[in-house]
Amino acid sequence: MITFVGAGPGAEDLITVRGQRLLQEADIVIYAGSLVNPGLLSLCREDCKVYNSAVMTLEEVLDVMTAGQAEGNEIVRLHTGDPCLYGAIREQMDALEENGIPYEVCPGVSSFCGAAAALGAEYTLPGISQSVVITRMAGRTPVPDRESIASFAAHQATMVIFLSTGMLRALSAELIRGGYPSDTPAAIVYKATWPEEKVLRCTVDALEETAREAGVTKTALIVVGRILEDEYERSKLYDPSFTTEFRRAVHLKAPVEEQK
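Residue 86 in our numbering sits at position 86 of the sequence shown, and the numbers go up by one each step.
Following this line, the structure appears as structure tokens:
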């Protein structure tokens with residue numbers, strides 16, 4: 001069996017229990033060396049064969065998988081965060097299916113979750129935003145026109161932007177062009193959950209300057225939206241006047257001075 005495993009956002013103890021077990025049992029591990037915390041490899045057995053996919057092509061990765069499967073090995077393909085986001089796993093899974101090789105996916109904690117934790121933020125605040133847009137600027141991998149930063153910015157939803165730290169001036173311009181006021185709160189979260197994590201708070205128009213002053217050039221997420229401010233509506237979930245499946249509403253009496 002080949003298992004695609006999410007390594008989590010960075011911290012070694014943020015891999016799932018299942019992912020940890022799979023690494024401990026693996027005969028072969030192919031890990032994304034440019035992003036995955038190498039400390040996770042300490043979970044592997046001494047006789048485990050380890051490959052760094054950062055220096056491999058898709059064809060070379062598949063060759064290791066195919067040869068390992070033919071020998072009856074347990075193989076872990078270790079991706080950063082959760083493999084479903086910018087993990088390039090579909091092309092690997094399609095190739096495995098074409099060759100009749102079984103696989104499964106073990107999900108992981110995405111870095112956008114790690115960024116929220118670092119910020120002490122809730123992406124979906126009542127009265128502010130109930131949607132989260134996960135996207136990126138166009139680079140060597142193009143982005144469809146209908147998914148441009150400006151088109152998403154028009155919705156004023158919370159945005160979490162991957163793979164765009166080297167294009168912050170253009171990102172600011174696109175966010176503002178799409179409808180975010182220039183003073184909209186923003187944050188740059190560098191290497192969320194890693195020991196060297198940095199949280200840089202700013203506004204949409206100051207993204208490039210903020211990153212430059214902190215020396216951040218890559219491996220960061222950009223979070224944009226009014227959820228980074230202090231105003232929001234109270235959730236109905238725990239509101240005493242709101243009936244749920246598990247409890248009935250309680251109508252609180254007004255203070256004595258208000259009743260007079």
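We put the CB at the ideal spot given by N, CA and C, even for glycine.
Whose C-beta lies closer than 8 Å to the C-beta of LYS218 among residues of the same chain, with five residues either side of it excluded?
-> THR165 and GLY166
Have a look at LEU221, LEU41 and GLN24 and flag the residue whose alpha-carbon is nearest the alpha-carbon of ALA186.
-> LEU221
Limits of the unbroken alpha helix (DSSP H) element including LEU200 = LEU200 -> not in any alpha helix (DSSP H); beta strand (DSSP E) instead, spanning 198 to 203.
Can you grab the Cα-Cα spacing for the pair LEU96 / VAL64, in whole Å?
-> 12 Å
Would you mind giving the Cβ-Cβ distance between VAL223 and LEU119, rounded to the nearest angstrom? I have them listed as a contact below 8 Å.
-> 7 Å
Leaving out the 5 sequence neighbours to the left and right, which residues in its chain are closer than 7 Å to ALA150 when beta-carbon positions are compared?
-> GLU174, ARG177 and GLY178
Residues of its chain near GLY8, where Cβ-Cβ distance is below 6 Å and the 5 sequence neighbours each way are ignored = LEU14, ILE15, GLY108 and VAL109
Given 8 Å as the limit, is there contact between the stretch 20 to 37 and the stretch 133 to 147, that is, 3 or more CB pairs closer than that?
-> no
Could you say if the stretch 45 to 65 and the stretch 24 to 31 meet the contact criterion of at least three C-beta pairs nearer than 8 Å?
-> yes
Exposed or buried, PHE246, counting other C-beta atoms within 10 Å across all chains shown (16 or more means buried)?
-> exposed
Buried or exposed by the 16-neighbour rule on C-beta atoms within 10 Å, applied to ARG226 = buried
Hey, THR184 and THR210 are a contact pair by Cβ (cut 8 Å); roughly how many whole angstroms apart?
-> Not quite, the Cβ-Cβ distance comes to about 14 Å (not below 8 Å), so this is no contact.
To which residues does DSSP link CYS106 through a beta bridge?
-> VAL5
Give the range of the beta strand (DSSP E) segment to which ALA187 is assigned.
-> 185 to 190
Give a yes or no on whether the C-beta atoms belonging to ALA26 and VAL76 are separated by under 8 Å.
-> yes
Leaving out five residues before and five after ARG181 in sequence, what residues of the same chain have Cβ atoms less than 8 Å from its Cβ?
-> Position check: residue 181 holds Pro in this sequence, whereas Arg was assumed. The residues are VAL204.
What residues in its chain sit with their C-beta under 6 Å from that of ILE2, if we drop five residues either side in the sequence?
-> MET65, ILE75 and TYR103
Close beta carbons around PHE152, own chain, < 8 Å, minus the five adjacent residues each side = VAL133, THR135, MET159 and GLY178
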